[in-house]
Every structure is written in structure tokens, then in C-alpha cells.
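Protein chains: 2
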Amino acid sequence: MADDSTQKPAGADSSSEDRLIARYFAPLASDPGAFGLIDDAAAITPSAGCDLVMTTDGVIAGVHFFPDDPPDTISRKALRMNLSDLAAKGARPIGFLMAIALPSAVDDAWLAAFAQGLGEDARRYDCPLLGGDTDHTPGPLSVSIAAFGEVPHGGMVRRSSARVGDCVVVTGTIGDSALGVRLRRDADLAAKWQLTEAMQAQLKQRYLLPEPRNALADVVLHHASAAIDVSDGLAGDLAKLCRASAVAAAIDVVRVPLSEAARAAAAAEPALIEAMLTGGDDYEIVVTLAPEKLQAFRAEAERVGVAVSEIGRIAAGEGARFLRGGKALAFARPSYSHF
Amino acid sequence: MADDSTQKPAGADSSSEDRLIARYFAPLASDPGAFGLIDDAAAITPSAGCDLVMTTDGVIAGVHFFPDDPPDTISRKALRMNLSDLAAKGARPIGFLMAIALPSAVDDAWLAAFAQGLGEDARRYDCPLLGGDTDHTPGPLSVSIAAFGEVPHGGMVRRSSARVGDCVVVTGTIGDSALGVRLRRDADLAAKWQLTEAMQAQLKQRYLLPEPRNALADVVLHHASAAIDVSDGLAGDLAKLCRASAVAAAIDVVRVPLSEAARAAAAAEPALIEAMLTGGDDYEIVVTLAPEKLQAFRAEAERVGVAVSEIGRIAAGEGARFLRGGKALAFARPSYSHF
Chain C
21 MADDSTQKPA GADSSSEDRL IARYFAPLAS DPGAFGLIDD AAAITPSAGC
71 DLVMTTDGVI AGVHFFPDDP PDTISRKALR MNLSDLAAKG ARPIGFLMAI
121 ALPSAVDDAW LAAFAQGLGE DARRYDCPLL GGDTDHTPGP LSVSIAAFGE
171 VPHGGMVRRS SARVGDCVVV TGTIGDSALG VRLRRDADLA AKWQLTEAMQ
221 AQLKQRYLLP EPRNALADVV LHHASAAIDV SDGLAGDLAK LCRASAVAAA
271 IDVVRVPLSE AARAAAAAEP ALIEAMLTGG DDYEIVVTLA PEKLQAFRAE
321 AERVGVAVSE IGRIAAGEGA RFLRGGKALA FARPSYSHF
Chain G
21 MADDSTQKPA GADSSSEDRL IARYFAPLAS DPGAFGLIDD AAAITPSAGC
71 DLVMTTDGVI AGVHFFPDDP PDTISRKALR MNLSDLAAKG ARPIGFLMAI
121 ALPSAVDDAW LAAFAQGLGE DARRYDCPLL GGDTDHTPGP LSVSIAAFGE
171 VPHGGMVRRS SARVGDCVVV TGTIGDSALG VRLRRDADLA AKWQLTEAMQ
221 AQLKQRYLLP EPRNALADVV LHHASAAIDV SDGLAGDLAK LCRASAVAAA
271 IDVVRVPLSE AARAAAAAEP ALIEAMLTGG DDYEIVVTLA PEKLQAFRAE
321 AERVGVAVSE IGRIAAGEGA RFLRGGKALA FARPSYSHF
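Which chain is which? The protein sequence lines are C and G, in order.
The first sequence begins at 21 in the numbering used here and counts up one residue at a time.
The second sequence begins at 21 in the numbering used here and counts up one residue at a time.
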């Protein structure tokens, strides 16, 4: 420091964090309420008569993704995990905040790819970046996102409102991601499970990049009695819904939708059904609904291009039972947890 | 896995993450829209005619706090950093989401203290926990918070709306935290700076635990032309406000409010003025306002118990100049950045 009035005034240059934000993330902040990421906070005007739905979920390198995963899939996965929660609640996305902690090894090319993938998803899901926080960390890279959506006042689809007699419906296919991560960790499994190259690629892709069911959000909103995002495994998440609703579920294992790849793996190693039903990262939605609504739900789901399968019923009691040949499967580890 | 119907149904027990949330964090989720943290998301009903103000900021062990800091100060600091942003924007807190990444060394006693401090602050600032995400990490402990507030529609106090001729006012005292962290790192400085025990304790406390100026938020909302939270140092943050507003600021260094401890340190080592003006973690607010509003602003600030000091003026041009004896100080590192 010196008393030298010929030098630049304080702060005429911005910090490296500011430059990084301006270069990579400000272009994603398309909502006027994000103020181009130059303010302390964002401001959004909620739609009249709507509630704001908010959720947060994050990823840590080595815990939720492989450190050498393509950077665009890391940012997309972090956003899509949160979008999946909004979809399960019947909410339309509004935007998100993102806090990232970057190890020093991260370079411009990595950041550019990370931001590009994130920007593409922000546009695809109509969920703009509203603000963020960027730090360096001596630890692994992490991305923490808080996402916001809207539902008509009082309309958020809860976990706790399933009713005895409701149908249990699940979107997409279950267990692909749990198999995909195993393939990533042990390449020998592909031969053991007799998977084609295409099947291997499909299972790995399901782990790498979730396909959240936001297209179905409005259908969930109008028909579901209760719903939950399947992120910690179908068995564990359905059990959470049952606990919250003080009901039981009886699931017919043969009706749980499996991809062709998952069916091939299960044919080669039947015990894999536990991994598929209890593994995480499906990012499907389990919906309960009154039986008389099932036909309309199916029709509307088909219209928005989301496959749905009825897999069982809600009953009195507690716990989610997965029945095969009249007997309940018992799982060594019912719910997947990164924790 | 076994086909054994005598075992418990899947998911009758909750995961360790669920137990941790139920034990430590659900008691903090006092807002009915948090659903006791048992759902995928929270739902809040915004007040009619209000905008939602949202911000995110986080802390990482070894970057933003010392790993052996008391756990209750870590959670409080993470929340208060965000509350400070809301205060600077004139927003009333509504609630927050929290994502925490915990190393395996964290035990129940640590978590209990962390949650207790957070709960006390959530009540003190009327800012309840609305939801969260809990993960284990192989890296340092981190806490990422997204906080929400409300302002009347269109009323968020921006950085970009300072006007030529406005007064520049700052709350509290500047630079204590920058000195406090230096004392934490080098105990010999206390003697060099001729600080009493009480002065040392006060400076360290300012670093350990911010005192955000939320009591002033409503006064800022009604009087400020622009405002910014002082978290990266007065010089750098005021420069950001000037850039955003396309104006300059001329600050009278001798009018920058310093604590007795900071004045003692500056008397012993005059060059410390740079550290005080450019150091981070003040969590004060810089406000610009029309001169005719200054008297009312002062009176209302006094009524809510927040000290405010007029330190300079907004002028045409660019950059924030800190003037002493008619000359502008030049700083080696104008803006503090954890990044």
C-alpha cells in the first residue's frame, strides 16, 4: 500500500471470482431477477395464487460422481437431481441458485464445459440460474444447488397423503443406474451379465445423467394423491412415502419396469433384483393415485411421452413390501444412501 | 437378499441420514411449509404483493473458518453471511435451505452444538430451516446455505442504483474481522499492536461470528438508493457498487468507523489501514442515499440500535477512491477474496 494517487482507485479491477462468474455463469442468468449476477441477491415475483416449492441437493466428486466424468454431465446431474424433486412435487421450475467449490486443478476448459452443459439444461427445463457462490476448496469438487418451482397455492404433491386403496405407479425404468455404477466400477461385470455394448452404454448413461420427469409434473399435480422422487432406490423411497402417509404398500416385483439391459443382467444374475430395487440415482417418480384416476393418468402421461407402470397398491399397515410369488423380498440394505 | 417374508419389509427402518436429520435438524424446521423435513421439498406461500429475494453463500473448513472453531459458530456464521445479504437488500428473512458435507470425524456432540447454534439464530432472525441435504465428504466440512427474504414488489435495494451526489453511509465498524483473523494466525501481533486482552477478544469475535444488520433492513428498504453487503472488504465491495451503478465514490478515510481495538492497532502499525479497508468478513452494509434523507436515516438507524457513519459521496466517474489528506490511497489488493 502506498499513498499514491496515480495508481488505480480501489477495486477498479474485479476479482478472479467476479471474472469467472462474468465469463461462465452470467450468460446463464437469463431471468431479469438474476440481475446478471452482479447483485448480492436475486429477486423474483411469484405468480399470483402460487406457492413456491424449494429443494436442495448436491454432488461431491468421488461420492456422487466419478471425478473424471465429463464436466457437462456433473453440472447437469446436479441440476437434474433437483429438477426431479420439483417434478415429483408437481412443480413447474422457476430457477436455481448454485454454490460450487472448485479444487485448484480445475481449469478454464473444464469450467467452460461445465457451464455449457448447465446452460443447455437451464434452457431445456426452463430453469434459469438466479445466483451463486463460487469458492476454491482444498477438498473434492462439489456442486450444491437450490432449485425453486411453483404450484397453485396448497397444491404441492406431498409424500404424506397416500390413501389406502390407491394404485402405486412408477415412471420409466428402475435399477439401470444402480447397474451402471457397478459397471463403471467393475468392467468384468459386463461379461458376467452378458450385456451387449449398447446395453452397457445405456446403463452407464443412466448413472451419468438422470432424465428427470419434469414433463410429467403437471399430470402428477392433477392426479397424484402423493408422490416421491426415486433417488435413493425404489424400495427405500417408497418406504419413506409409506411412513409419511402411515400406510403400507404391496408391490408386485414382476411389474416393476426394467429396461432390456436390466432384464438381461437380472437373467444372468437373479440376485441383482435387490440392487435394482434398492440402488439409488433412478430419478424416476413414484406416484400414488385413486384407482378411478389411473386411466386418465396413463393417457396424459402417454401424451407427454413419459412411460408409467402400475406396480402395486397402498394398503393399511406399514412398510413397502416387494412381493414375488406371494412372498416378500427381504433386503439386506433397503435404502440406498450416499451418506 | 433372501426371499424371507419373516424379515422386516423394505425400508421399515430409516437411513442414518434420515435419523441425523430427524434428530438434529427437524426441530429447526418450525415453518409448516418445511413439512418437518420429511418431504422432497418445502412449500411457502409468498406474501401478496411481495418479491422473493434469494441468495446463497457457504463456508468451507480451512477457507472461511478454522476447522477447530466451535461448531455453533460455524453454523451461525454460514447463516449470518446470508442474512447479511438479505439485510443489504432491505429484505425480511423468510427461511433457508442448508446443504452440509460432513467428514467422517464429525460426531454427535459436534452436530448437536452445530444444530443448537443454528436453531438459536433461526429463532433470533426469524429465519427457519426449510429443507436441506446432508452428505458425507472425504474433504473438509462445508456448509452451503440458500436464504430467502421478502420485499414489496420491485423494492429490492440494488447495487446498481446509486446516484451522483448521494451520501455514502456504512454501518458498525470496519476492519475488525480482518485484524481478528490475523490475530488468530499470529499471536505475536497482539503485542506488536499493543492490544489489551479485551481488544484481542473483540477482534477475534468479529471474525468468528458476524453480526449482520438485519435490524436495519427496513430502514435500508425505505431510504437507500443502493446498498451492498460488506463481505469482501469495504474498498472492494464499494467498488462493485460503483461499477454496477456506473458512478464513482470519494471516501474520507478518517471518517471510516473503526473500533477502539482497530484504532489501537492502526496507531501501532499505520499500514494496517489497507488490511482494514480491503479485508473481508465485516458483514456491515454500505448504503447510498440522497442527502435529504440522511437525517431520517440516522434517526431510524438509531431507533433500531445500529450505528451508522457517513463516510463520503457518490460522484461522476468510476472507482471508489479512499482519500486521506487529499490523496487517494492505492491498495496492493483492493478486494478481499476467499477465492
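Glycine included, every Cβ here is placed at the ideal spot set by N, Cα and C.
> Thinking C-alpha only, which one of G:Ala235, G:Gly137 and G:Gly200 is nearest G:Gly223?
Replying inline: Numbered from its first residue, the second sequence carries residue 223 of chain G at position 203. The question names Gly, but residue 223 of chain G in the sequence shown is Leu. Looking at the Cα atoms, G:Gly200 is the closest of the given residues.
> Would you say C:Val73 faces chain G, with C-beta separation under 8 Å as the test?
Replying inline: The residue you call residue 73 of chain C lines up with position 53 of the first sequence. So yes, C:Val73 belongs to the interface.
>> Tell me whether the region 338 to 351 of chain C and the region 264 to 281 of chain C touch, counting them as touching only if at least three CB pairs, one residue from each stretch, are closer than 8 Å.
In response: In this structure the region 338 to 351 of chain C lies against the region 264 to 281 of chain C, because at least three pairs of beta carbons, one per stretch, are closer than 8 Å.
> Nearest-angstrom Cα distance between G:Gly339 and G:Ser265?
Replying inline: What you label residue 339 of chain G is simply residue 319 of the second sequence in a count that begins at 1. What you label residue 265 of chain G is simply residue 245 of the second sequence in a count that begins at 1. Going by C-alpha positions, G:Gly339 is about 10 Å away from G:Ser265.
> By DSSP, does G:Pro29 sit in helix, in strand, or in coil?
Replying inline: The count along the second sequence starts at 1 and reaches residue 29 of chain G at position 9. Any reading at G:Pro29 needs caution, since the residue's pLDDT is 39, under 50, leaving its predicted position unreliable; the model's value is listed next. In the displayed model, G:Pro29 falls within coil according to three-state DSSP, outside both helix and strand.
>> If you measure between the beta carbons of C:Gly169 and C:Pro113, is that distance less than 8 Å?
In response: Locating residue 169 of chain C in the first sequence gives position 149, where the first residue counts as 1. Locating residue 113 of chain C in the first sequence gives position 93, where the first residue counts as 1. Annotated as proximal: C:Gly169 and C:Pro113, with beta-carbon spacing under 8 Å.
>> Just to make sure I have the definition right: I need the residues of chain G whose C-beta is within less than 9 Å of the C-beta of C:Thr157. Which are they?
In response: Numbered from 1 along the first sequence, position 137 holds the residue referred to as residue 157 of chain C. Per Cβ cutoff of 9 Å: Ile80, Gly82, Val83, Gly159, Pro160 and Ser162.
>> Against C:Asp153, what residues of chain G qualify as contacts under a CB-to-CB distance less than 8 Å, listed in chain order?
In response: As a position in the first sequence, residue 153 of chain C is number 133, starting the count at 1. Result: Thr76, Asp77, Gly78 and Ser164.
> Name the chain C residues that come within less than 8 Å of G:Lys313, Cβ to Cβ?
Replying inline: Translated into positions along the second sequence, residue 313 of chain G becomes position 293. Scanning chain C for C-beta atoms nearer than 8 Å to the C-beta of G:Lys313 yields nothing, as the closest lies near 21 Å away.
> Alpha carbon to alpha carbon, what distance is there between G:Val189 and G:Lys313?
Replying inline: Locating residue 313 of chain G in the second sequence gives position 293, counting from the first residue. Locating residue 189 of chain G in the second sequence gives position 169, counting from the first residue. Between the alpha carbons of G:Lys313 and G:Val189 lies a distance of about 11 Å.
>> In the DSSP assignment, the alpha helix (DSSP H) including C:Arg263 goes from what residue to what residue?
In response: For the purposes of this step, residue 263 of chain C is taken as residue 243 along the first sequence, with counting starting at 1. Taken as a continuous stretch (DSSP letters only), the alpha helix (DSSP H) holding C:Arg263 covers Leu254 to Ser265.
>> Output needed for G:Ala132: all residues of its chain with C-beta closer than 6 Å, excluding positions within five of it in sequence on either side, in chain order.
In response: In the second sequence, the residue the question calls residue 132 of chain G occupies position 112. Cβ-Cβ distances below 6 Å link G:Ala132 to nothing in the same chain once the five nearest sequence neighbours on each side are left out.
> Taking 8 Å as the CB-CB limit, is C:Phe55 close to chain D?
Replying inline: Absence of chain D from the displayed structure is noted, the protein chains being C and G.
>> Please report the distance separating the alpha-carbon of C:Asp206 from that of G:Pro90.
In response: In the first sequence, residue 206 of chain C corresponds to position 186, counting from 1. In the second sequence, residue 90 of chain G corresponds to position 70, counting from 1. Cα to Cα, the separation comes out at about 42 Å.
> Between which two residues does the beta strand (DSSP E) containing G:Ser180 stretch?
Replying inline: If you number the second sequence from 1, residue 180 of chain G lands on position 160. The continuous stretches of beta strand (DSSP E) do not include G:Ser180, and DSSP gives it neither H nor E.
> Across which residues does DSSP place C:Ser164 in a beta bridge pair?
Replying inline: Numbered from 1 along the first sequence, position 144 holds the residue referred to as residue 164 of chain C. BP columns for C:Ser164 point to C:Gly78 and C:Ala119.
>> Am I right that G:Leu309 and G:Cys187 are in contact with their C-beta atoms under 8 Å? What's the rounded C-beta distance?
In response: Numbered from its first residue, the second sequence carries residue 309 of chain G at position 289. Numbered from its first residue, the second sequence carries residue 187 of chain G at position 167. Between G:Leu309 and G:Cys187 a beta carbon distance of about 6 Å is seen, short of the 8 Å cut, so the two are scored as contacting.
>> To the nearest angstrom, how far is the alpha carbon of G:Asp23 from that of C:Met176?
In response: What you label residue 23 of chain G is simply residue 3 of the second sequence in a count that begins at 1. What you label residue 176 of chain C is simply residue 156 of the first sequence in a count that begins at 1. Note that G:Asp23 has pLDDT 34, beneath the 50 cutoff, so the model's placement of it is unreliable and the number below is only indicative. The straight-line gap from Cα to Cα measures roughly 37 Å.
>> At 4 residues or longer, what runs of the alpha helix (DSSP H) sit wholly inside the region 190 to 234 of chain C?
In response: As far as the region 190 to 234 of chain C is concerned, its whole alpha helix (DSSP H) runs of at least 4 residues are 196 to 205, 209 to 212 and 217 to 228.
> Do we get a CB-CB distance below 8 Å when we pair G:Ser245 with the residues of chain C?
Replying inline: Position 225 of the second sequence holds residue 245 of chain G. With its beta carbon at least 8 Å from every one in chain C, G:Ser245 lies outside the interface.
>> Less than 7 Å between C-beta atoms, sequence neighbours within five positions excluded: which residues of the same chain meet that for C:Ala46?
In response: As a position in the first sequence, residue 46 of chain C is number 26, starting the count at 1. Cβ within range, chain order: Gly56 and Leu57.
> Taking Cβ-Cβ distances below 9 Å as the criterion, which residues of the region 179 to 190 of chain G are in contact with chain C?
Replying inline: Of all residues in the region 179 to 190 of chain G, Arg179 and Ser180 have a Cβ within less than 9 Å of some Cβ in chain C.
> Is the Cβ of G:Leu117 closer than 8 Å to any Cβ of chain C?
Replying inline: Numbered from 1 along the second sequence, position 97 holds the residue referred to as residue 117 of chain G. For G:Leu117, the answer is yes, since a Cβ of chain C falls inside 8 Å of its Cβ.
>> For a contact defined as C-beta to C-beta under 8 Å, what are the partners of G:His242 on chain C?
In response: Position 222 of the second sequence holds residue 242 of chain G. Result: empty, since nearest Cβ-Cβ is about 17 Å, beyond 8 Å.
> Are any of the Cβ atoms in chain G nearer than 8 Å to that of C:Leu106?
Replying inline: On the first sequence, residue 106 of chain C is found 86 positions in, with the first residue counted as 1. At least one chain G Cβ lies under 8 Å of C:Leu106.
> Based on the DSSP output, what are the partners of G:Glu170 in its beta bridges?
Replying inline: Looking up residue 170 of chain G in the second sequence gives position 150. G:Glu170 is bridged by DSSP to G:Leu72 and G:Arg112.
>> Could you check whether the region 231 to 241 of chain C touches the region 314 to 330 of chain C, counting it as contact only if at least three pairs of C-beta atoms, one from each stretch, sit closer than 8 Å?
In response: Touching, yes, given that three or more Cβ pairs across the two stretches are closer than 8 Å.
> So is C:Val184 buried or exposed if we call it buried at 16+ other beta carbons inside 10 Å?
Replying inline: For the purposes of this step, residue 184 of chain C is identified with residue 164 of the first sequence, where counting begins at 1. By the neighbour-count rule (16 or more Cβ atoms within 10 Å), C:Val184 is not buried but exposed.
> What in chain G is Cβ-close to C:Lys109, meaning under 8 Å?
Replying inline: In the first sequence, counting from the first residue as 1, residue 109 of chain C sits at position 89. In chain order: Asp59, Asp60, Ala61 and Ala63.
> Within the 8 Å Cβ cut-off, does G:Ile194 reach chain C?
Replying inline: By 1-based counting over the second sequence, the position of residue 194 of chain G is 174. No, its Cβ sits nowhere closer than 8 Å to a Cβ of chain C.
> By Cβ distance below 7 Å, which residues in the same chain neighbour G:Arg353 in space, the five residues on each side in sequence not counted?
Replying inline: Reading the second sequence from its first residue, position 333 is the one you call residue 353 of chain G. Counting only Cβ-Cβ distances below 7 Å, and skipping sequence neighbours, we find Thr298.
> Do the CB positions of C:Pro158 and G:Gly337 come within less than 8 Å of each other?
Replying inline: Counting from one through the first sequence, the residue named residue 158 of chain C turns up at place 138. Counting from one through the second sequence, the residue named residue 337 of chain G turns up at place 317. Against a cut-off of 8 Å, the Cβ pair of G:Gly337 and C:Pro158 comes out as no contact.
> How would you label C:Pro311, buried or exposed, when you count the other beta carbons within 10 angstroms and need 16 or more for buried?
Replying inline: Sequence index remark: in the first sequence, residue 311 of chain C carries index 291 (1-based). Here C:Pro311 is exposed. Its C-beta has fewer than 16 other C-beta atoms within 10 Å.
>> So with CB distances below 7 Å, who are the chain G contacts of C:Pro66?
In response: Translated into positions along the first sequence, residue 66 of chain C becomes position 46. Near C:Pro66 (Cβ distances below 7 Å), the residues of chain G are Pro66 and Leu72.
> What in chain G is Cβ-close to C:Ala121, meaning under 7 Å?
Replying inline: To locate residue 121 of chain C, count along the first sequence from 1; it is residue 101. Under the 7 Å cutoff, chain G gives Ile80 and Ser162.
>> Give me the residue from G:Gln315, G:Asn102 and G:Asp128 with the minimum Cα distance to G:Glu37.
In response: Translated into positions along the second sequence, residue 37 of chain G becomes position 17. Selected option, being the one with the closest Cα: G:Asp128.
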